[in-house]
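In UniProt numbering, the protein residues as written are 1 to 275.
Next comes the structure, spelled out in structure tokens:
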């Protein structure tokens, strides 16, 4: 198959590298509005060729590896593709994207969210094994033609992903806690420290825990503000739950309830048994 990748950053570039190791693909072409991304992707060998968006529309499979707002716009521009063309988005939100799919290509479309990524972005961030042994959530596949559903399953399986099926509403509710809330917390932590500490103190004292917690605050603000907007209601609910837990800890520290605080922390450590 000929695969077209729209968006040649971390997700799209890593996908290009991963698919080159399968026997499913004869050629991988890319498109990106950022011309420097196109040049860099070619230089790094993430895709075989850079093409126009019109040429992308002739591919057997089209992956949309762009911010979630851009995915909605791109779907409108793809509403005249052939019935045999599979369209797969890689967005971190699903309900608003699924609702925006033009009726003419609804059966072509696969809503996917690979649960993977790093805090880096751009073509130079692409890595060979980003998708390997990670989970991909496929949503609303009952409305997808079997040809396209099976293609998506085959391609994600061949790059080593574990497949989970879920409806878009449930996906967005779960993603708000598992993926989106940690980013809000990381950005908040970074801004809290930047507001109180001078750069020399940060450099001198920042240790593993702080670096781990603040790492994802290096992620693309443009991409994540778009995600937060699309999943606003769920994200606000998850922030409220987090604030309640933070308030619990604050109250126990104020009241010097050290046994209660220890029990509260012990409950939290059970998460890693699940993981």
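All C-beta atoms in this analysis are idealised placements derived from N, C-alpha and C, irrespective of residue type, glycine included.
Tell whether a beta-carbon distance below 9 angstroms holds between residue i and residue j.
{"i": "residue 44", "j": "residue 13", "result": "yes"}
{"i": "residue 160", "j": "residue 65", "result": "no"}
{"i": "residue 86", "j": "residue 42", "result": "no"}
{"i": "residue 121", "j": "residue 138", "result": "no"}
{"i": "residue 88", "j": "residue 152", "result": "yes"}
{"i": "residue 110", "j": "residue 144", "result": "yes"}
{"i": "residue 271", "j": "residue 235", "result": "no"}
{"i": "residue 95", "j": "residue 230", "result": "yes"}
{"i": "residue 222", "j": "residue 67", "result": "yes"}
{"i": "residue 163", "j": "residue 136", "result": "yes"}
{"i": "residue 125", "j": "residue 90", "result": "no"}
{"i": "residue 53", "j": "residue 83", "result": "no"}
{"i": "residue 258", "j": "residue 248", "result": "no"}
{"i": "residue 171", "j": "residue 22", "result": "no"}
Does any heavy atom of the ligand MG sit closer than 8 angstroms to the C-beta of residue i?
{"i": "residue 193", "result": "Annotation note on the ligand MG: not contained in the displayed structure, which lists no ligands."}
Can you tell me the Cβ-Cβ gap for residue i and residue j, rounded? I've got them flagged as a contact below 8 angstroms.
{"i": "residue 98", "j": "residue 142", "result": "In fact, because the Cβ distance is near 11 angstroms, the residues do not count as touching under 8 angstroms."}
{"i": "residue 227", "j": "residue 93", "result": "6 angstroms"}
{"i": "residue 104", "j": "residue 79", "result": "5 angstroms"}
{"i": "residue 239", "j": "residue 184", "result": "6 angstroms"}
{"i": "residue 63", "j": "residue 101", "result": "About 15 angstroms separates the two Cβ atoms, so there is no contact after all."}
Can you name, in chain order, every residue of its own chain whose Cβ lies under 6 angstroms from the Cβ of residue i, other than the five neighbours on each side?
{"i": "residue 127", "result": "14"}
{"i": "residue 133", "result": "160"}
{"i": "residue 261", "result": "252"}
{"i": "residue 130", "result": "14, 116"}
{"i": "residue 219", "result": "119"}
{"i": "residue 16", "result": "5, 28, 46, 47"}
{"i": "residue 237", "result": "none"}
{"i": "residue 167", "result": "none"}
For residue i, I'd like the list of residues in its chain whose CB is within less than 7 angstroms of its CB, leaving aside the five on either flank, ordered along the chain.
{"i": "residue 165", "result": "138, 141"}
{"i": "residue 173", "result": "234"}
{"i": "residue 1", "result": "24, 25, 26, 60, 61"}
Within 9 angstroms of any Cβ in chain C, is that where the Cβ of residue i sits?
{"i": "residue 248", "result": "Protein chain content of the structure displayed is limited to a single chain, and chain C is not contained in it."}
If you drop the 5 nearest sequence neighbours on each side, which residues of the same chain put their C-beta closer than 8 angstroms to that of residue i?
{"i": "residue 72", "result": "96, 97, 100"}
{"i": "residue 208", "result": "none"}
| said: Contact between the segment 175-194 and the segment 208-223 is defined here as three or more beta-carbon pairs at a separation below 8 angstroms; is this criterion met? | reply: Contact holds: three or more Cβ-Cβ distances are below 8 angstroms.
| Are at least three pairs of beta-carbons, each pair with one atom in the segment 1-12 and one in the segment 44-55, less than 8 angstroms apart? | Of all C-beta pairs linking the segment 1-12 to the segment 44-55, three or more are shorter than 8 angstroms, placing the two stretches in contact.
| said: Would the segment 11-30 count as touching the segment 49-64 if we require 3 or more Cβ pairs under 8 angstroms? | reply: As far as the Cβ criterion goes, the segment 11-30 touches the segment 49-64, which means the pair count is three or higher.
| Which full runs of the alpha helix (DSSP H) of 4+ residues lie inside the segment 155-218, going along the chain? | For secondary structure counted as the alpha helix (DSSP H) over 4 or more consecutive residues, the segment 155-218 holds these complete runs in sequence order: 168-175, 181-196, 199-205, 208-214.
| query | Curious, which full-length beta strand (DSSP E) runs of at least 3 residues does the segment 49-75 contain? | reply | Listed in chain order, the complete beta strand (DSSP E) runs (minimum 3 residues) inside the segment 49-75 are 61-64.
| task | For the segment 224-272, list the alpha helix (DSSP H) runs that are entirely contained and at least 4 residues long, ordered along the chain. | result | Within the segment 224-272, the runs of alpha helix (DSSP H) that reach at least 4 residues and sit entirely inside it are, in chain order, 232-254, 258-269.
| Segments assigned alpha helix (DSSP H), at least 4 residues, entirely inside the segment 90-146 | For the segment 90-146, whole alpha helix (DSSP H) runs of length 4 or above, ordered along the chain, are 95-100.
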